[in-house]
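Residue numbers (this note's numbering): 2 to 229.
Don't be surprised by glycine CBs; every beta carbon is placed ideally from N, CA and C.
First comes the structure, then the notes that go with it.
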């Protein structure tokens, strides 16, 4: 078997976390929202952020699954390069599949069922920007890839530097975010920034994709020197 395909097969041992559990929880959340909508019977409808569950799961999967499969893959005499390529490949495929399903449900929700009969915006949150299904597919895909790759970066940091490395990383990250928050508040940049994001979502998505492609470069460099 091709080494990259072998790594992908190893990752699919966690298909419950990668594929099934995010959708089980999201659809359960949708069912609860439908029940609430039925009980309150509002004509205005409402938005809900239930699909955030999927993005959170992808981020957590990006951390947990590589951390668990990396030592096992090396024990099978698979190269670090093979592990990296297999991990990236499975993450891209899962992101594409999930983005397709999210876009499909968005179409069903907004164009066929009128918000499941209760004017609920559960999957169709991007309609406020554009109802183009291909554009929504792109945005969902970019955000899912970003979460996966950021999770992979954290997993790679752990493999290379252990817990102390993670403590240092998150300490620096918190300091940077705190500093940026203070700067944005002092110069009153929050409203213009959110306005730019709202007016230029496609351009912002390209920057997010660029960052998502930079993350794996650092992940690979870390995994090359990681010990087990």
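Item checked: Reference residue 227; option with closest CA among 128, 197, 74 and 57 -> Along the chain shown, read from residue 1 onward, the residue named residue 227 stands at position 226. Minimum Cα distance to residue 227 is reached at 74.
Note to self: Rounded to whole angstroms, what is the Cα-Cα separation between residue 221 and residue 82?
What the structure shows: As a working mapping, residue 221 is identified with position 220 in the chain shown. As a working mapping, residue 82 is identified with position 81 in the chain shown. Each residue's alpha carbon lies about 8 Å from the other.
Margin query: With a threshold of 8 Å, are at least 3 pairs of Cβ atoms found where one atom belongs to the stretch 136-149 and the other to the stretch 57-64?
Written below: yes
Notebook entry, point to check: Which stretch, first to last residue, makes up the alpha helix (DSSP H) that contains residue 63?
Noted result: Walking along the chain shown from the start, residue 63 turns up at place 62. First-last of the alpha helix (DSSP H) with residue 63: 53-76.
Margin query: Taking the alpha carbon of residue 72 as the reference point, which residue from 12, 37 and 91 has its own alpha carbon closest?
Written below: Numbered from its first residue, the chain shown carries residue 72 at position 71. For residue 72, the nearest C-alpha among the options comes from 12.
Check: Using 8 Å as the threshold, is the stretch 169-187 in touch with the stretch 85-100, meaning 3 or more CB pairs across them?
Finding: no
Note to self: Considering only DSSP beta bridges, list what residue 47 is partnered with.
What the structure shows: In the chain shown, the residue the question calls residue 47 occupies position 46. DSSP lists 121 as the bridge partner or partners of residue 47.
Checklist line | Through-space distance from residue 223 to residue 158, alpha-carbon basis | finding: Residue numbering aside, residue 158 sits at position 157 when the chain shown is read from its first letter. Residue numbering aside, residue 223 sits at position 222 when the chain shown is read from its first letter. Going from the Cα of residue 158 to the Cα of residue 223 covers about 7 Å.
Next item on the list: Check the C-beta distance from residue 134 over to residue 108 and give it rounded, since I have them as a contact under 8 Å.
Entry: Here residue 134 refers to the residue found at position 133 of the chain shown. Here residue 108 refers to the residue found at position 107 of the chain shown. Contact flag correct, Cβ pair sits at about 6 Å.
Next item on the list: Counting only the same chain and skipping the five closest in sequence on each side, list residues whose C-beta sits under 6 Å from that of residue 202.
Entry: As a first step, residue 202 must be located in the chain shown, where it is residue number 201. These residues qualify, in order along the chain: 130.
Check: For the putative contact between residue 120 and residue 46, defined by C-beta atoms under 8 Å, what is the C-beta separation to the nearest angstrom?
Finding: Position 119 of the chain shown, counted from the start, is the residue given in the question as residue 120. Position 45 of the chain shown, counted from the start, is the residue given in the question as residue 46. Correct: roughly 3 Å between the Cβ atoms.
Check: Is the Cβ-Cβ distance between residue 143 and residue 19 less than 8 Å?
Finding: Here residue 143 refers to the residue found at position 142 when the chain shown is read from its first residue. Here residue 19 refers to the residue found at position 18 when the chain shown is read from its first residue. No, they are not a contact pair.
Check: Skipping 5 residues on each side, what residues in its chain have a beta carbon closer than 7 Å to that of residue 90?
Finding: Reading the chain shown from its first residue, position 89 is the one you call residue 90. Around residue 90: 5 and 9.
Note to self: Could you compute how far the alpha carbon of residue 40 sits from the alpha carbon of residue 23?
What the structure shows: To locate residue 40, count along the chain shown from 1; it is residue 39. To locate residue 23, count along the chain shown from 1; it is residue 22. So the alpha carbons of these two residues sit roughly 26 Å apart.
Next item on the list: Report the residue ranges of all alpha helix (DSSP H) runs contained in full by the stretch 79-149; include only those spanning at least 4 residues, in chain order.
Entry: 81-108
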